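Note that the working numbering has the sequence shown beginning at 1160, numbered continuously upward. Glycine residues also receive a C-beta, built at the ideal position from the N, C-alpha and C atoms. These figures come from a predicted structure and were not determined experimentally. First comes the structure, then the notes that go with it.
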Amino acid sequence: MNEFELIERIFLQMQAAQPLSSGLEKGIGDDAAVMALPAGSRLVSCIDTLVQGRHFSADWDQIDKLGFAIGYKAVAVNVSDIAAMGATPHSILLALALPKRLANEQWLSDFAKGLFHACQLFGVTLIGGDTTRSDSLVLSVSAQGVLAKDTPAVYRSGAQVGDRVYVSGTLGDASYALQYPDNTQGMALAHRLHMPTPRIALGAALAKIGATAMIDISDGLYQDLGHICQQSAVNIRLHLEQLPSSTPLSVVDVSERLMCQLTGGDDYELAFTLPAHVTPPASNVPVTYIGDVIAIADDAGATAGATIPMRPELYYQGQSITPTHPAPFTTWPTLTGYQHFTG
């Protein structure tokens, strides 16, 4: 049995035990999948690629141990994008570029168990994919979701001046765990790095009550809120003392904690805006008010033809954070967030 036959056997065995997404007419086993959509509904699609050495460890010993987590996270990060649109996840496609050393029963079984565990948790079906040989591990997952006829999609471009800014869950945990995998706090937060929880029910509820903009936090809160600023042509006043912290992260030095929360990414929480008169929906996930949508300053583009820098304005305990007054940081921090093309 070659490795491709091994992959097919493991995946088909596990797929057989999974419930199928509604409307799926044909899944694995043909040239393409076929699904029927309810009348008036819309298909929401996204794709995410995870690369060894960039999105997870380059160390083979670590990869050998993380098969389950890598399979799980490949699904979760895509489902999070679907949730950020207010949609219900439906199905995924997997493209797996596999090194020879991982084409073995143990690693592939662990990987498939993680992937199908996530599928079961989030209500999605693996409907097809592709495998090929590679020197390093690369996997791409494309996810599909469905928006019901009466549910509006929530884009990044709808934030309005006067809206309030909220975030789900806690921030900075995954970033800290990545940097400090062996200390007490890092070990306590490892599950947040390896096993994130996309906020599906919250995203759907927010779409129904009129959220004006939404994004999932994958590249850092500051950078991701900046996307809402740019696409909505607004600014955001962000109150750093309001950023929600987990118990393990709350004991970390304030400047280091805030850097993890602002720039770390990999939280896969939802950041969203609501009109001031709208209350966030009841949820089993904590939701925290962290700022306000404000107008762009009149002098923001003082140089003729200059690009107006629409990005969050940082405040701490009522004071503006600036390069000349950077407290609680000792110096003005670098707030670029995760950069996919550096290095």
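- Query: From A1366 to V1320, what does the alpha carbon distance come to, in whole angstroms?
  - Reply: The residue given as residue 1366 occupies position 207 in the sequence shown. The residue given as residue 1320 occupies position 161 in the sequence shown. Answer to the nearest angstrom: the Cα atoms are 19 Å apart.
- For M1194, which beta-bridge partners are listed by DSSP? Residue mapping note: residue 1194 aligns to position 35 of the sequence shown, counting from 1. Paired residue(s): L1183.
- Item | For M1373, the first and last residue of its enclosing beta strand (DSSP E) | Taking the first residue of the sequence shown as 1, we reach residue 1373 at position 214. Its beta strand (DSSP E) spans residues A1372 to D1375.
- Item | Cβ neighbour criterion (16 or more within 10 Å) applied to P1407 | On the sequence shown, position 248 is the one that residue 1407 refers to. By the neighbour-count rule (16 or more Cβ atoms within 10 Å), P1407 is buried.
- Query: According to DSSP, which residues form a beta bridge with R1292?
  - Reply: Residue 1292 sits at position 133 when you count from the first residue of the sequence shown. Looking at the DSSP assignment, R1292 forms a beta bridge with L1257.
- Message: Measuring only the C-alpha atoms, how far is I1449 from P1355?
- Response: Your numbering for residue 1449 matches position 290 in the sequence shown. Your numbering for residue 1355 matches position 196 in the sequence shown. Cα to Cα, the separation comes out at about 21 Å.
- Go to R1396, then tell me how far its beta strand (DSSP E) extends in each direction, as first and last residue. Locating residue 1396 in the sequence shown gives position 237, where the first residue counts as 1. Taken as a continuous stretch (DSSP letters only), the beta strand (DSSP E) holding R1396 covers N1394 to H1398.
- Query: Pick from L1384, L1421, G1317 and D1412: whose alpha carbon is nearest that of L1402?
  - Reply: Your numbering for residue 1402 matches position 243 in the sequence shown. The shortest C-alpha separation from L1402 is found at L1421.
- What did DSSP end up calling R1351 once you bin it into helix, strand or coil? Here residue 1351 refers to the residue found at position 192 of the sequence shown. Correct three-state label for R1351: helix.
- Message: In the DSSP output, which residue or residues are listed as bridge partners for Q1504?
- Response: This structure cannot speak to residue 1504, because the chain is shown only from 1160 to 1502.
- Message: Starting from V1326, trace the beta strand (DSSP E) in both directions and tell me its first and last residue.
- Response: Taking the first residue of the sequence shown as position 1, residue 1326 is located at position 167. First-last of the beta strand (DSSP E) with V1326: R1323 to S1327.
- Message: Within the continuous alpha helix (DSSP H) that includes L1274, where are the two ends?
- Response: Here the question's residue 1274 lines up with position 115 in the sequence shown. Here the alpha helix (DSSP H) through L1274 covers E1264 to F1281.
- Message: Would Y1231 and A1277 qualify as a contact pair, given that the criterion is a beta-carbon distance under 8 Å?
- Response: Position 72 of the sequence shown, counted from the start, is the residue given in the question as residue 1231. Position 118 of the sequence shown, counted from the start, is the residue given in the question as residue 1277. Yes. Within cutoff.
- Grab me the residues of S1316's own chain with a C-beta within less than 6 Å of its C-beta, minus the 5 sequence neighbours each way, in chain order. As a position in the sequence shown, residue 1316 is number 157, starting the count at 1. Contacts found: Q1390 and S1391.
- From the DSSP output, in three-state form, read off E1415 for me. As a position in the sequence shown, residue 1415 is number 256, starting the count at 1. DSSP places E1415 in helix when its eight states are reduced to three.
- Message: According to DSSP, is E1167 part of a helix, a strand, or is it coil?
- Response: Numbered from its first residue, the sequence shown carries residue 1167 at position 8. E1167 falls in the helix class under three-state DSSP.
- Query: Just reading off the beta strand (DSSP E) that A1430 is part of, what are its end residues?
  - Reply: Along the sequence shown, read from residue 1 onward, the residue named residue 1430 stands at position 271. That run of the beta strand (DSSP E) goes L1429 to L1433.
- Item | Inter-residue Cα distance where the pair is A1246 and D1207 | The residue you call residue 1246 lines up with position 87 of the sequence shown. The residue you call residue 1207 lines up with position 48 of the sequence shown. Answer to the nearest angstrom: the Cα atoms are 17 Å apart.
- By a C-beta neighbour count over all protein chains shown, 10 Å radius and 16 as the cutoff for buried, is P1482 buried or exposed? The count along the sequence shown starts at 1 and reaches residue 1482 at position 323. Under this definition P1482 is an exposed residue.
- Return yes when the Cβ of V1297 is within less than 8 Å of the Cβ of E1428, no when it is not. Taking the first residue of the sequence shown as 1, we reach residue 1428 at position 269. Taking the first residue of the sequence shown as 1, we reach residue 1297 at position 138. Taking 8 Å as the Cβ cut-off, E1428 and V1297 do not qualify as a contacting pair.
- Query: Is DSSP giving S1301 helix, strand or coil here?
  - Reply: Mapped onto the sequence shown, residue 1301 falls at position 142. Reduced to three states, the DSSP call for S1301 is strand.
- Item | Local conformation of I1455 per DSSP, three classes | Within the sequence shown, the letter at position 296 stands for residue 1455. Looking at I1455 - three-state DSSP - the assignment turns out to be coil, as it is neither helix nor strand.
- Message: Under 8 Å: do the region 1262-1281 and the region 1184-1200 share three or more Cβ pairs, one atom per stretch?
- Response: no
- Query: Looking only at its own chain, which residues have a Cβ that is under 7 Å from the Cβ of F1431, when we skip the five neighbours before and after it?
  - Reply: What you label residue 1431 is simply residue 272 of the sequence shown in a count that begins at 1. Once the five neighbours on either side are set aside, the close Cβ partners of F1431 are Y1325, L1365, A1370, A1372 and M1373.
- Can I1251 and S1301 be called in contact, C-beta distance under 8 Å? Taking the sequence shown and counting its residues from 1, one reaches residue 1251 at position 92. Taking the sequence shown and counting its residues from 1, one reaches residue 1301 at position 142. It is a contact, given that the beta carbons lie within the stated cut-off.
- Are S1414 and P1487 closer than 8 Å when you measure CB to CB? On the sequence shown, position 255 is the one that residue 1414 refers to. On the sequence shown, position 328 is the one that residue 1487 refers to. In contact: S1414 and P1487 (Cβ atoms closer than 8 Å).
- Task: Over the uninterrupted beta strand (DSSP E) stretch that includes S1204, give me the two end residues.
- Result: Along the sequence shown, read from residue 1 onward, the residue named residue 1204 stands at position 45. Start and end: R1201 to V1210.
- Backbone secondary structure at L1494 - three-state DSSP: By one-based count along the sequence shown, residue 1494 stands at place 335. It is coil, neither helix nor strand.
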